[in-house]
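2 protein chains.
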Amino acid sequence: MALIVQKYGGTSVGDPERIMNVAKRVVDTKRDGNQVVVVVSAMGGQTDKLINLAKEISKNPSDRELDMLVSTGEQISVALLAMAIHELGEDAISLTGAQVGIMTDDVHTKARILDIKPDKMQEQLALNKVVIVAGFQGINIQQDITTLGRGGSDTTAVALAAVLKADMCEIYTDVDGVYTADPRIVPNARKLKEITHEEMLEMASLGAKVLMSRSVEFANKYNVPLCVRSSFNRSEGTYIVKETNVMEQPVIRGVTADTSEAKVTLLHLPDQPGIAAKLFNLVAKYNINIDMIIQNVSEHGYTDISFTVNKNDVPKIKSILADLTQEVSARAINVNEDIAKISVVGIGMRSHSGVASKMFNLLAQAGINISMISTSEIKISCVIREGEAKQAVKVLHEGFELDKE
Amino acid sequence: MALIVQKYGGTSVGDPERIMNVAKRVVDTKRDGNQVVVVVSAMGGQTDKLINLAKEISKNPSDRELDMLVSTGEQISVALLAMAIHELGEDAISLTGAQVGIMTDDVHTKARILDIKPDKMQEQLALNKVVIVAGFQGINIQQDITTLGRGGSDTTAVALAAVLKADMCEIYTDVDGVYTADPRIVPNARKLKEITHEEMLEMASLGAKVLMSRSVEFANKYNVPLCVRSSFNRSEGTYIVKETNVMEQPVIRGVTADTSEAKVTLLHLPDQPGIAAKLFNLVAKYNINIDMIIQNVSEHGYTDISFTVNKNDVPKIKSILADLTQEVSARAINVNEDIAKISVVGIGMRSHSGVASKMFNLLAQAGINISMISTSEIKISCVIREGEAKQAVKVLHEGFELDKE
Chain A
7 MALIVQKYGG
17 TSVGDPERIM
27 NVAKRVVDTK
37 RDGNQVVVVV
47 SAMGGQTDKL
57 INLAKEISKN
67 PSDRELDMLV
77 STGEQISVAL
87 LAMAIHELGE
97 DAISLTGAQV
107 GIMTDDVHTK
117 ARILDIKPDK
127 MQEQLALNKV
137 VIVAGFQGIN
147 IQQDITTLGR
157 GGSDTTAVAL
167 AAVLKADMCE
177 IYTDVDGVYT
187 ADPRIVPNAR
197 KLKEITHEEM
207 LEMASLGAKV
217 LMSRSVEFAN
227 KYNVPLCVRS
237 SFNRSEGTYI
247 VKETNVMEQP
257 VIRGVTADTS
267 EAKVTLLHLP
277 DQPGIAAKLF
287 NLVAKYNINI
297 DMIIQNVSEH
307 GYTDISFTVN
317 KNDVPKIKSI
327 LADLTQEVSA
337 RAINVNEDIA
347 KISVVGIGMR
357 SHSGVASKMF
367 NLLAQAGINI
377 SMISTSEIKI
387 SCVIREGEAK
397 QAVKVLHEGF
407 ELDKE
Chain B
7 MALIVQKYGG
17 TSVGDPERIM
27 NVAKRVVDTK
37 RDGNQVVVVV
47 SAMGGQTDKL
57 INLAKEISKN
67 PSDRELDMLV
77 STGEQISVAL
87 LAMAIHELGE
97 DAISLTGAQV
107 GIMTDDVHTK
117 ARILDIKPDK
127 MQEQLALNKV
137 VIVAGFQGIN
147 IQQDITTLGR
157 GGSDTTAVAL
167 AAVLKADMCE
177 IYTDVDGVYT
187 ADPRIVPNAR
197 KLKEITHEEM
207 LEMASLGAKV
217 LMSRSVEFAN
227 KYNVPLCVRS
237 SFNRSEGTYI
247 VKETNVMEQP
257 VIRGVTADTS
267 EAKVTLLHLP
277 DQPGIAAKLF
287 NLVAKYNINI
297 DMIIQNVSEH
307 GYTDISFTVN
317 KNDVPKIKSI
327 LADLTQEVSA
337 RAINVNEDIA
347 KISVVGIGMR
357 SHSGVASKMF
367 NLLAQAGINI
377 SMISTSEIKI
387 SCVIREGEAK
397 QAVKVLHEGF
407 ELDKE
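Chains as they are written, first to last, in this note's numbering: chain A, 7 to 411; chain B, 7 to 411.
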């Protein structure tokens, strides 16, 4: 008898009919001879509705009270799913994060899980029940309700799978797996049978919104077998695996495009020790995440520094850097929001040279200009003009022959 | 410094604007130099909305899961009210029934409170916070969420006031107190300054929907000073007091009309020992509450028995009694839904005779026929035709001079 953790997102439980569908799927899994723990998110739109209520009362509501408020969304889903499973003739029990004992730190609205007690779940599984756990939520040591922030229900599912030593953690979503590229851009993009944790991490942080990075990191750290599947059909999903499971590694696993970033350039900075440190300390102080950083070769004692940030942070970064520009007598700040970051990801490039030059050649042949480059062991990213992003993805997908197995 | 428990019902917190109004009231009470514990119900309509969701999934949802579901309603209210109080510059913390430690029995959807731990509330009050507690809910010993059934938030408020030894428990509602009669029927009905627990109990169970009986019983048992006030204006409400507080007792406190009952008559029953017992055992087995019971004087070894039940129970009672009628060879069952129960209530009638005859005379003078009578130490009820109920209330209100202090 295998123990399977299944996670269903907000779209999958968006209305009573969909909840019944999820219930059927859960019951099928149970009747196939498995123990099942289910993690659910709030019904689609519910969390936003609650946050809007809060905003009508306060522009800046307390994080503790926000967590108290929005955690009701998942509590509603678990109760309804339990009723739906009962209706299909199987026993089931719903549990809040607090009832399971999902202990987190104190950071309301983006808490981190510290510890999970498996006892209550194991006891209910032993009674032949489906155990349904509210995703996205936990409690801190004062018994205050906390929430885990974006992608929190995925993290809950993976964490439960880890403590329960589950045989599989299945993440059900509205796409049916991880593709070599976004199928809306590349119609012949291929669904991957498997992908390594590291590749998935790069794909996730590069704009493939299938799984949140945090849950993948967690799965990697605690060795949780993970897969991504569609809740709307029964097709096999994508397995996220340890590198060692893969017999023969293709060079490139996929291509992604990310248009959420802007490029900020400080021109004509004095090339002195400590200037870059000063700059990025300041940025970190305001909790702004920096992605790529490039420093030009120095000329006549001056240099330029470019970096990318999320477009939402542009107004903040402009006001922060205005003073600094004066202080270090940089010539100007230049912000370009018309950019896209195109990446090729693949664990195989560790052992294959020539990936970067092939990527640059493919883009050059298509007349696409590269303005920034950054590389890691398993990915290469290029910043190009936003309007050329889709063409670039197509060109790279074809050039690296990702449509072929 | 006084400790005041305030309870606001669903209409009082029906939307963000009303929640802000409640917050203002709470903050005013605090700034008058009091410690304040607030109990709130779910936003008006929210509980029904959740129950309808459940009914879309299951005709007969599990009580445990129903409690899990509907208890979110109060959790939403407490979080929003905390935000509103913060917005007005006072510190506040919201707590669920579980977080307070409101321990109940296992009877989901109509649990009874067994124990409440005052520690957490006292600790937060000592930190100068307004403590906001979700009404209507608790947990059982397995940590399952339970709800207290109809009027549960009133019960929560009175119970908290009892364990905290509060100086006053104020129940805010959409009427501004207890009246000598329903002001919609009797325009010159007078708001009572005070009423005894016993009278309030009779009034509550007789159709004056201001306070649920359970909370009044609780207040009486634990000696909690209680008052009913409007959340929409600042007028003084009605105090519910121990008998001994009242210096001079008026004979009659109020007149009520209840049109929710039907009269069931079994005609021509054999007048033998055990027949009535058989009848009412059967009715009790199906959880049907009986109110008034009358047995006619026996003639020729046969008698008639009449009793009143809630109109909702009429279909059930008909099917239950069909068999019995045959078994005991009664002549027929007669159901009359066209009735109203008119009552006069007052602790003073203990020491004043003639109340009953005055009541019957007043009704007779108005040409109103009485078909059943029942009395207790502090009330007299008459069943009349439903269409004559309003007239009866007016006649009795005037005849007993209830418009005068």
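Glycine is no exception: its CB is placed at the ideal position from the N, C-alpha and C atoms.
Below-7 Å beta-carbon distance, Ile-63(A) vs any chain B residue: yes
Every unbroken alpha helix (DSSP H) inside the stretch 64-105 of chain A [4 residues or more]: 69-93
Proximal residues of chain B, C-beta to C-beta of Thr-78(A) below 7 Å: Thr-78, Gln-81 and Ile-82
Cβ pair Leu-86(B), Ile-25(B) closer than 7 Å: yes
Lys-135(B) versus Gly-352(B): straight-line alpha-carbon distance, rounded: 41 Å
Closer than 7 Å at the beta carbon, the chain B residues around Ala-85(A): Glu-71, Met-74 and Leu-75
Helix, strand or coil at Ile-58(B) according to DSSP, with G and I counted as helix: Residue identity differs from the one stated: residue 58(B) is Asn in this sequence, not Ile. Looking at Asn-58(B) - three-state DSSP - the assignment turns out to be helix.
Under 7 Å (Cβ pairs) to chain A, residues found in the stretch 137-159 of chain B: Gln-149
Inside the stretch 274-305 of chain B only - alpha helix (DSSP H) runs reaching at least 4 residues: 281-291
Beta-carbon spacing of Ser-325(B), Lys-269(B) below 7 Å: no
CA nearest to the CA of Thr-309(A), picked from Pro-67(A), Asn-239(A) and Ser-335(A): Ser-335(A)
Unbroken alpha helix (DSSP H) run spanning Ile-323(A), endpoints: 320-333
Cut-off 8 Å between Cβ atoms - residues of its own chain near Ala-163(B), not counting five sequence neighbours on either side: Val-11, Gln-12, Lys-13, Val-45, Gly-141, Cys-175, Ile-177 and Ser-221
The stretch 14-42 of chain A: positions lying closer than 7 Å to chain B by Cβ: Pro-22, Ile-25 and Met-26
C-beta contact flag for Leu-170(B) and Leu-327(B) at 7 Å: no
The stretch 22-36 of chain A in contact with the stretch 87-106 of chain A per 3-pair CB rule at 8 Å: yes
Closest residue to Thr-271(A) among Cys-233(A), Asp-329(A), Val-341(A) and Gln-371(A) (Cα-Cα distance): Val-341(A)
Candidates Gly-16(A), Val-315(A), Val-361(A) and Gly-360(A): closest to Ser-159(A) by CA position: Gly-16(A)
CB of Ala-104(B) within 7 Å of CB of Ile-138(B), strictly: no
First through last residue of the beta strand (DSSP E) which encompasses Tyr-14(B): 9-14
Where the beta strand (DSSP E) containing Ser-349(A) begins and where it ends: 345-351
Proximal residues of chain A, C-beta to C-beta of Glu-93(B) below 7 Å: Ile-63 and Ser-64
Pair within 7 Å by beta-carbon distance, Asp-319(B) and Arg-391(B): no
Thr-162(A) - DSSP class collapsed to helix/strand/coil: helix
Whole-angstrom distance between Pro-231(A) and Ile-147(B), CA atom to CA atom: 36 Å
Presumed contact (8 Å Cβ cut-off) between Gly-155(B) and Thr-115(B), rounded CB distance: 6 Å
Listed by chain order, chain B residues near Leu-59(A) by CB distance under 7 Å: Pro-22 and Leu-86
Chain-ordered chain A contacts of Ser-237(B) [CB-CB under 8 Å]: None at all; the shortest Cβ gap to chain A is about 17 Å.
Alpha carbon of Met-206(A) to alpha carbon of Ile-246(A), nearest angstrom: 7 Å
Given Asn-367(B) as reference, the closest of Ala-398(B), Lys-385(B), Gln-81(B) and Gly-354(B) once Cα atoms are compared: Ala-398(B)
Any C-beta of chain B under 7 Å from that of Ala-132(A): no
Of the listed residues Ala-290(A), Ser-237(A), Ala-172(A) and Val-350(A), nearest to Asp-180(A) (C-alpha basis): Ser-237(A)
Per-residue contacts from Met-89(A) into chain B (C-beta, under 7 Å): Ala-60, Ile-63, Ser-64, Pro-67, Ser-68 and Glu-71
Neighbourhood of Ala-88(B) by C-beta, 7 Å cutoff - its chain only, sequence neighbours within 5 removed: Ala-98, Ile-99, Ser-100 and Ile-138
Those residues which DSSP pairs with Arg-24(A) across a bridge: For Arg-24(A), which the question treats as bridged, DSSP gives no partner whatsoever.
Rounded separation between Met-218(B) and Lys-123(A) - CA only: 41 Å
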